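Peer 1: Before I ask anything, here is the structure I am working with.
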Amino acid sequence: MTTALLSIQDLRVAFRMGRGERADAVSGVSFDVPENATVALVGESGSGKSVTAMSVLNLLPDNAERSGRVEWRGRDLLRASLAELQGLRGREIACVFQDPMSSLNPVFTVGQQLCEPLRKHLRLSRRQAWVRAEALLGEVGIPEPRRRLGAYPHELSGGQQQRVMIAMALACEPRLLIADEPTTALDVTIQRQIIELLARLKASHRMSLLFISHDLALVGEIADQVVVMRHGVVREQGPVARIFEAPQDDYTKALLACRPGLDGNPARLKVIDDHIAALNGPAAVPVPVARPKDPAAPVVLEVRSLAKSFWLRTGVFGRREFKAVQDVNFRLRRGHTLGVVGESGSGKTTMGLTLLRLYEPTQGEVLFDGRNLLTLADAERQAMRRRIQIVFQNPYASLNPRFTIGQTLVEPMAIHAIGRDTAERERRARELLRKVGLDGRAFGKYPHEFSGGQRQRVAIARCLTLEPEVLVLDEAVSALDVSVQAQVLNLLKDLQDEFGLSYVFISHDLAVVRFISDEVLVMKDGVVVEQASAEQILRAPQQDYTKRLLAAVPRGWQPAA
Numbered sequence: 003m004t005t006a007l008l009s010i011q012d013l014r015v016a017f018r019m020g021r022g023e024r025a026d027a028v029s030g031v032s033f034d035v036p037e038n039a040t041v042a043l044v045g046e047s048g049s050g051k052s053v054t055a056m057s058v059l060n061l062l063p064d065n066a067e068r069s070g071r072v073e074w075r076g077r078d079l080l081r082a083s084l085a086e087l088q089g090l091r092g093r094e095i096a097c098v099f100q101d102p103m104s105s106l107n108p109v110f111t112v113g114q115q116l117c118e119p120l121r122k123h124l125r126l127s128r129r130q131a132w133v134r135a136e137a138l139l140g141e142v143g144i145p146e147p148r149r150r151l152g153a154y155p156h157e158l159s160g161g162q163q164q165r166v167m168i169a170m171a172l173a174c175e176p177r178l179l180i181a182d183e184p185t186t187a188l189d190v191t192i193q194r195q196i197i198e199l200l201a202r203l204k205a206s207h208r209m210s211l212l213f214i215s216h217d218l219a220l221v222g223e224i225a226d227q228v229v230v231m232r233h234g235v236v237r238e239q240g241p242v243a244r245i246f247e248a249p250q251d252d253y254t255k256a257l258l259a260c261r262p263g264l265d266g267n268p269a270r271l272k273v274i275d276d277h278i279a280a281l282n283g284p285a286a287v288p289v290p291v292a293r294p295k296d297p298a299a300p301v302v303l304e305v306r307s308l309a310k311s312f313w314l315r316t317g318v319f320g321r322r323e324f325k326a327v328q329d330v331n332f333r334l335r336r337g338h339t340l341g342v343v344g345e346s347g348s349g350k351t352t353m354g355l356t357l358l359r360l361y362e363p364t365q366g367e368v369l370f371d372g373r374n375l376l377t378l379a380d381a382e383r384q385a386m387r388r389r390i391q392i393v394f395q396n397p398y399a400s401l402n403p404r405f406t407i408g409q410t411l412v413e414p415m416a417i418h419a420i421g422r423d424t425a426e427r428e429r430r431a432r433e434l435l436r437k438v439g440l441d442g443r444a445f446g447k448y449p450h451e452f453s454g455g456q457r458q459r460v461a462i463a464r465c466l467t468l469e470p471e472v473l474v475l476d477e478a479v480s481a482l483d484v485s486v487q488a489q490v491l492n493l494l495k496d497l498q499d500e501f502g503l504s505y506v507f508i509s510h511d512l513a514v515v516r517f518i519s520d521e522v523l524v525m526k527d528g529v530v531v532e533q534a535s536a537e538q539i540l541r542a543p544q545q546d547y548t549k550r551l552l553a554a555v556p557r558g559w560q561p562a563a
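Mapping of the sequence shown onto the numbering used here: position 5 corresponds to residue 7, and the numbering continues sequentially without gaps.
Below you can see the structure in the form of structure tokens.
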């Protein structure tokens with residue numbers, strides 16, 4: 003019989019909200035984490051999975067109230083003192099979080115941050131800790147570990163930062179590692195590397211892993227047991243093979259169905275509530291077939307030999323050229339979508355920003371309506387900007403927190419003199435909110451009152467206020483969980499059909515690009531290495547790099563051959 007290293011029994015967590023109000027986040031959650039096993043907590047944003055995991059070491063705000071039992075090797079951690087918890091944190095139970103840059107201290111070097119837990123918990127000398135820190139960086143696959151000890155977090159890529167976080171978590175050889183969405187913001191190849199690294203380290207250190215994610219396809223490749231949560235309640239739990247082969251709960255079935263896949267291309271993605279309704283209805287609603295695009299539609303945007311270089315300082319007086327984008331060429335037709343894929347650092351975002359002259363190009367042409375956007379005077383460029391808009395990855399950072407949603411939508415219309423007066427602009431703003439799936443109450447609220455998916459809908463509505471013809475979407479759905487992502491992707495397709503919009507869709511997620519794109523550019527090191535229809539890229543990729551990207555896409559649990 004497998005021994006439970008961690009046992010959570012009837013855990014309940016609520017947050018005091020003031021005026022005597024309480025918000026229940028977790029309601030009666032129970033599951034075990036056996037020794038030397040991986041248990042995955044899966045669910046949408048707001049399901050309570052992170053609150054459950056952070057309750058183990060009480061890494062929750064002061065207004066949190068916990069009840070139930072959290073037994074660690076027979077000891078109830080809910081009744082442990084702060085001193086006892088501090089002795090466990092990092093020593094026996096360690097955590098890796100979603101955003102390593104917000105978890106790493108920007109003013110300390112990697113070596114200083116790695117040495118701190120080694121000296122605190124293991125009482126190593128300064129030299130012993132430094133030697134051990136170098137070995138840890140080598141173990142998690144960071145090249146030139148001795149040199150990287152002196153680097154600051156901002157000098158590392160996202161994948162390297164996450165590896166540093168994993169090295170810090172493993173420093174004291176904990177019995178349990180809690181990994182909270184550790185790969186969400188990473189591209190597919192780095193995600194694959196981190197997942198394989200965690201699996202390898204779990205086996206070599208003989209530790210248990212509590213892995214938190216919203217992506218069932220991902221956890222299917224790493225987990226032994228799966229716990230599915232929604233609205234703070236466990237909906238289903240069991241071995242990974244049973245969850246994937248014969249899910250019992252409608253919510254689990256919906257989670258498995260709503261993520262876009264690499265095979266087939268439906269006209270719309272299933273969303274959680276629609277899928278559950280169809281499962282409980284008299285008959286399943288047939289999935290419509292994707293409508294073909296007009297191959298003879300007029301070209302709205304043509305890019306020729308676009309390039310962007312940055313000059314980096316070397317030494318006191320020297321500098322060198324870094325070619326971020328080189329010789330990019332494509333044509334975008336009305337009502338079509340161009341997908342741009344590649345790993346972090348491939349140049350895809352730089353290319354998108356250069357299109358809009360948010361970066362000044364080194365060379366090339368961007369022809370829109372017969373005119374080169376890259377040579378327009380400022381007054382002409384302002385008029386053109388309303389016709390080409392951009393949606394960024396993080397809507398909270400791109401929305402003014404001091405503006406209501408109504409002000410956010412009305413302001414660009416006032417700047418560009420769209421609408422006769424304020425009343426007409428407000429009417430149009432409310433209409434756009436309805437189009438993107440938000441009701442009239444959203445008009446007077448602020449960005450912090452909305453979820454990530456709702457904020458992204460507001461960002462899309464803001465772009466539509468200017469009646470654009472082209473949208474550049476820069477990782478616009480990568481930070482959203484699978485069900486909200488499906489809603490936003492369906493919305494983008496609906497808006498494209500209604501307004502004839504053309505999209506430049508930048509993403510590291512090939513499954514998402516497969517769903518929404520007509521043509522795909524694959525970029526590596528600033529160069530387009532492959533360019534073809536989405537169908538051709540997925541069915542018969544020509545370049546080894548494209549094949550590696552496809553091979554890295556999570557496919558969930560697969561039965562043994």
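For each residue, glycine too, the CB sits at the ideal point set by N, CA and C.
The structure presented is a predicted model; accordingly, all values stated were derived computationally and were not measured.
From which residue to which residue does the beta strand (DSSP E) around E223 run?
Peer 2: Taking the first residue of the sequence shown as position 1, residue 223 is located at position 221. Looking at the DSSP string, E223 is not in any beta strand (DSSP E), and its letter there is neither H nor E.
Peer 1: Can you tell which of R336, K495 and S311 has its C-alpha closest to the C-alpha of R322?
Peer 2: If you number the sequence shown from 1, residue 322 lands on position 320. Among R336, K495 and S311, the Cα nearest to that of R322 is on S311.
Peer 1: Within the same chain, show all residues whose beta-carbon is closer than 8 Å to that of D165, passing over the 5 residues directly before and after it, in chain order.
Peer 2: Sequence index remark: in the sequence shown, residue 165 carries index 163 (1-based). Here the sequence assigns Arg to residue 165, which means Asp is not the residue at that position. Here the set comprises L139, V142, G143, I144, I196 and L199.
Peer 1: Between G372, R237 and T351, which lies nearest to P300 when the distance is taken from Cα to Cα?
Peer 2: Locating residue 300 in the sequence shown gives position 298, where the first residue counts as 1. When only C-alpha atoms are compared, the closest one is G372.
Peer 1: State the CB to CB distance for the pair L493 and V438, rounded to an integer number of angstroms; the pair is presumed to be in contact (CB under 8 Å).
Peer 2: Locating residue 493 in the sequence shown gives position 491, where the first residue counts as 1. Locating residue 438 in the sequence shown gives position 436, where the first residue counts as 1. Their Cβ separation, rounded to whole angstroms, is 6 Å, which keeps L493 and V438 in contact under 8 Å.
Peer 1: Is the stretch 491-508 touching the stretch 336-345, taking contact as three or more C-beta pairs under 8 Å?
Peer 2: The stretch 491-508, when compared against the stretch 336-345, does touch it at the 8 Å Cβ threshold.
Peer 1: Taking the CB atoms as reference points, tell me whether V236 and S32 lie closer together than 8 Å.
Peer 2: Along the sequence shown, one-based indexing puts residue 236 at 234. Along the sequence shown, one-based indexing puts residue 32 at 30. Cβ distance < 8 Å, so V236 and S32 count as in contact.
Peer 1: Please report the distance separating the alpha-carbon of M386 from that of V368.
Peer 2: As a working note, residue 386 is residue 384 in the sequence shown. As a working note, residue 368 is residue 366 in the sequence shown. Cα to Cα, M386 sits roughly 12 Å from V368.
Peer 1: What does the Cβ neighbour count give for M3, buried or exposed, with the cut at 16 atoms within 10 Å?
Peer 2: As a first step, residue 3 must be located in the sequence shown, where it is residue number 1. In this predicted model, M3 has a pLDDT of only 46, less than 50, meaning its place in the structure is not dependable enough to derive any value.
Peer 1: Which residues share a DSSP beta bridge with G341?
Peer 2: Translated into the one-based positions of the sequence shown, residue 341 becomes position 339. Paired residues: F507 and V522.
Peer 1: Who are the near neighbours of L116 in its chain, counting only those whose CB is closer than 7 Å to its CB and skipping five residues on each side?
Peer 2: For the purposes of this step, residue 116 is identified with residue 114 of the sequence shown, where counting begins at 1. Here the set comprises A135, L138, A169, M170 and A173.
Peer 1: Tell me whether P63 is buried or exposed, calling it buried when 16 or more other Cβ atoms sit within 10 Å of its Cβ.
Peer 2: Translated into the one-based positions of the sequence shown, residue 63 becomes position 61. Counting Cβ neighbours within 10 Å, P63 comes out exposed, since fewer than 16 surround it.
Peer 1: Could you check the C-alpha separation between N38 and P176 for me, to the nearest Å?
Peer 2: Along the sequence shown, read from residue 1 onward, the residue named residue 38 stands at position 36. Along the sequence shown, read from residue 1 onward, the residue named residue 176 stands at position 174. Distance between the alpha carbons of N38 and P176 is about 12 Å.
Peer 1: The beta strand (DSSP E) spanning T316 covers which residue range?
Peer 2: The residue you call residue 316 lines up with position 314 of the sequence shown. Note, T316: beta strand (DSSP E), V301 to T316.
Peer 1: Going by Cα to Cα distance, which pick from A536, L59, L8 and V555 is closest to K295?
Peer 2: One-based indexing of the sequence shown puts residue 295 at position 293. If we check each option's Cα against that of K295, A536 comes out closest.
Peer 1: List the endpoints of the continuous alpha helix (DSSP H) containing L43.
Peer 2: On the sequence shown, position 41 is the one that residue 43 refers to. L43 -> not in any alpha helix (DSSP H); beta strand (DSSP E) instead, spanning T40 to V44.
Peer 1: Mapping DSSP to helix, strand and coil, what is K325?
Peer 2: Your numbering for residue 325 matches position 323 in the sequence shown. Strand.
Peer 1: Taking the alpha-carbon of A96 as reference, which of D182, P268, S49 and I462 has the nearest alpha-carbon?
Peer 2: Along the sequence shown, one-based indexing puts residue 96 at 94. For A96, the nearest C-alpha among the options comes from D182.
Peer 1: Output the distance between the C-alpha atoms of G454 and P397, rounded to the nearest integer angstrom.
Peer 2: Taking the first residue of the sequence shown as 1, we reach residue 454 at position 452. Taking the first residue of the sequence shown as 1, we reach residue 397 at position 395. C-alpha separation (whole angstroms): 7 Å.
Peer 1: Quick check on S206: buried or exposed, where buried means 16 or more other Cβ atoms within 10 Å of its Cβ?
Peer 2: Position 204 of the sequence shown holds residue 206. With fewer than 16 other Cβ atoms within 10 Å, it is exposed.
Peer 1: Based on Cα-Cα distance, which residue from G344, W313 and V305 lies nearest to F332?
Peer 2: In the sequence shown, the residue the question calls residue 332 occupies position 330. Here the closest residue by C-alpha is V305.
Peer 1: Could you say if the stretch 422-435 and the stretch 458-472 meet the contact criterion of at least three C-beta pairs nearer than 8 Å?
Peer 2: The answer is yes - the stretch 458-472 touches the stretch 422-435, with three or more Cβ pairs under 8 Å.
Peer 1: In whole angstroms, what is the alpha-carbon distance linking S348 and L106?
Peer 2: Locating residue 348 in the sequence shown gives position 346, counting from the first residue. Locating residue 106 in the sequence shown gives position 104, counting from the first residue. Each residue's alpha carbon lies about 25 Å from the other.
Peer 1: Given the structure, does N331 come close to the ligand SAM, in the sense that its CB is under 7 Å from one of the ligand's heavy atoms?
Peer 2: Among the components of this structure there are no ligands whatsoever, and the ligand SAM is therefore not found.
Peer 1: What is the rounded straight-line gap between the Cα of L552 and the Cα of A201?
Peer 2: By 1-based counting over the sequence shown, the position of residue 552 is 550. By 1-based counting over the sequence shown, the position of residue 201 is 199. Cα to Cα, L552 sits roughly 21 Å from A201.
Peer 1: Which word fits Q487, buried or exposed, when buried means at least 16 other C-beta atoms lie within 10 angstroms of its C-beta?
Peer 2: Counting from 1 along the sequence shown, the entry for residue 487 is found at position 485. Answer is buried; the Cβ neighbour count reaches 16.
Peer 1: Please list the terminal residues of the continuous beta strand (DSSP E) segment that includes M19.
Peer 2: Here the question's residue 19 lines up with position 17 in the sequence shown. Per DSSP, M19 belongs to the beta strand (DSSP E) from A6 to G20.
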